[in-house]
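> The structure's right below; bear with me while I get my questions together.
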Ligand code: UDP
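Below you can see the structure in the form of structure tokens.
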């Protein structure tokens, strides 16, 4: 299960919310890694490049409405990713937790598993279909549902793993190669939503946190290279 933030589809080099060259690069890496390792791959994509529920709520909007806008943003990103991955010759399906039959399939667990078995990259949109979550928690939930071996959580902020403190603020911070779920929680390391971390702990799903903006890292993660931080 690959978790991509919406911002991973944007680029510092352009003003676009979805940068075509960035999406194409991710799509190339996803398609190449899938065929090289013959791995079943699902992707949960966020929407933060377009809208986050907390943005509207902070300005007085109804939180549930604002979160629904965020979920719809993830569908926009999912379609961009689908288009780019299929242009690489890799079949995909977008499954949405909010039904929109004209646009994509509904999320049905058994259908997701069947698509994976057939070698399709399954792109999961609209999070869990419920407000008050970010896409980290649906990434964890769907990983459990499809019996994923691991979650690969791609970062996009230049921080290439889990650090003892924010390395952008404290240059002396050290990156952990491995860390336990409870240490992440007790040290409040804010690498992923706590709901997602505790869910992964309860269901024994390891999480590899790595820099997805570094070309070649999806392959490196699947090859077992020592990149990022493994939370287990
Ligand atoms: N969201 C939601 N329920 C979900 C998943 C997402 O309400 O199950 C909304 C929430 O408002 C969130 C937004 O969709 O802020 C975009 O997702 P996220 O913030 O996770 O995007 P990312 O930071 O990964 O780009």
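Residue numbers (the numbering used here): 1063 to 1294.
Glycine included, C-beta positions come from ideal geometry on N, C-alpha and C.
Since we're looking at a predicted model, the values are computed, not measured.
For a quick check, are the C-beta atoms of residue 1167 and residue 1157 less than 8 Å apart?
Counting from one through the chain shown, the residue named residue 1167 turns up at place 105. Counting from one through the chain shown, the residue named residue 1157 turns up at place 95. For residue 1167 and residue 1157, yes; Cβs fall inside 8 Å.
> Beta-carbon within less than 8 Å of residue 1244's beta-carbon, same chain only, minus the 5 sequence neighbours each way: which residues are those?
On the chain shown, residue 1244 is found 182 positions in, with the first residue counted as 1. The answer, listed in chain order, is 1263.
> Any chance the stretch 1133-1147 sits against the stretch 1178-1188, with 3 or more Cβ pairs inside 8 Å?
Enough Cβ pairs lie closer than 8 Å, so yes.
> Specify, as a first and last residue, the run of the beta strand (DSSP E) that residue 1213 falls within.
Looking up residue 1213 in the chain shown gives position 151. Where residue 1213 is concerned, the enclosing beta strand (DSSP E) stretches over 1213-1217.
> What are the residues that DSSP puts in a beta bridge with residue 1197?
Position 135 of the chain shown, counting from 1, holds the residue named residue 1197. In DSSP, residue 1197 forms no bridge with anything.
> Does the Cβ of residue 1128 lie closer than 7 Å to at least one heavy atom of the ligand UDP?
As a working mapping, residue 1128 is identified with position 66 in the chain shown. The answer is yes for residue 1128.
> Which residue's Cα is closest to the Cα of residue 1066: 1074, 1104, 1121 and 1267?
Mapped onto the chain shown, residue 1066 falls at position 4. For residue 1066, the nearest C-alpha among the options comes from 1104.
> Quick one: what's residue 1269 bridged to in DSSP?
Taking the first residue of the chain shown as 1, we reach residue 1269 at position 207. DSSP, once it has assigned bridges, lists 1213 and 1293 as partnering residue 1269.
> By the 10 Å Cβ neighbour count, where 16 or more other Cβ atoms means buried, how is residue 1224 classified, buried or exposed?
As a working note, residue 1224 is residue 162 in the chain shown. By the 10 Å Cβ count, residue 1224 comes out buried.
> For my contact list, residue 1216 and residue 1272 are in at a C-beta cut-off of 8 Å; report their separation, rounded to the angstrom.
Reading the chain shown from its first residue, position 154 is the one you call residue 1216. Reading the chain shown from its first residue, position 210 is the one you call residue 1272. Right, the Cβ-Cβ distance comes to about 6 Å (below 8 Å), so this counts as a contact.
> Should residue 1078 be listed as close to the ligand MG, given that the test is whether its C-beta is under 7 Å from any heavy atom?
Looking for the ligand MG in the displayed structure turns up nothing; the ligands present are the ligand UDP.
> Assuming contact is defined by CB atoms lying nearer than 8 Å, are residue 1280 and residue 1092 in contact in what I supplied?
Indexing the chain shown from 1 puts residue 1280 at position 218. Indexing the chain shown from 1 puts residue 1092 at position 30. In contact: residue 1280 and residue 1092 (Cβ atoms closer than 8 Å).
> Our contact map puts residue 1136 next to residue 1108 with C-beta atoms below 8 Å; I'd like the distance itself, whole angstroms only.
Residue numbering aside, residue 1136 sits at position 74 when the chain shown is read from its first letter. Residue numbering aside, residue 1108 sits at position 46 when the chain shown is read from its first letter. Right, the Cβ-Cβ distance comes to about 6 Å (below 8 Å), so this counts as a contact.
> Pair every Cβ in the stretch 1227-1246 with every Cβ in the stretch 1127-1136, then say whether three or more of these pairs are closer than 8 Å.
In short, these stretches do not touch, since the Cβ pair count stays below three.
> Let me know the secondary structure DSSP gives residue 1076 once reduced to three states.
On the chain shown, residue 1076 is found 14 positions in, with the first residue counted as 1. Looking at residue 1076 - three-state DSSP - the assignment turns out to be coil, as it is neither helix nor strand.
> Taking only three categories from DSSP, how would you classify residue 1121?
The residue labelled residue 1121 in the question sits at position 59 within the chain shown. Here residue 1121 sits in coil by DSSP.
> Along the chain, which unbroken stretches of the beta strand (DSSP E) at least 3 residues long are found entirely within the stretch 1083-1144?
Counting only runs of 3 or more, we get 1104-1107.
> Could you tell me if the beta carbon of residue 1123 falls within a distance shorter than 7 Å of some heavy atom in the ligand UDP?
Looking up residue 1123 in the chain shown gives position 61. No, since every heavy atom of the ligand UDP falls outside the 7 Å radius drawn around the Cβ of residue 1123.
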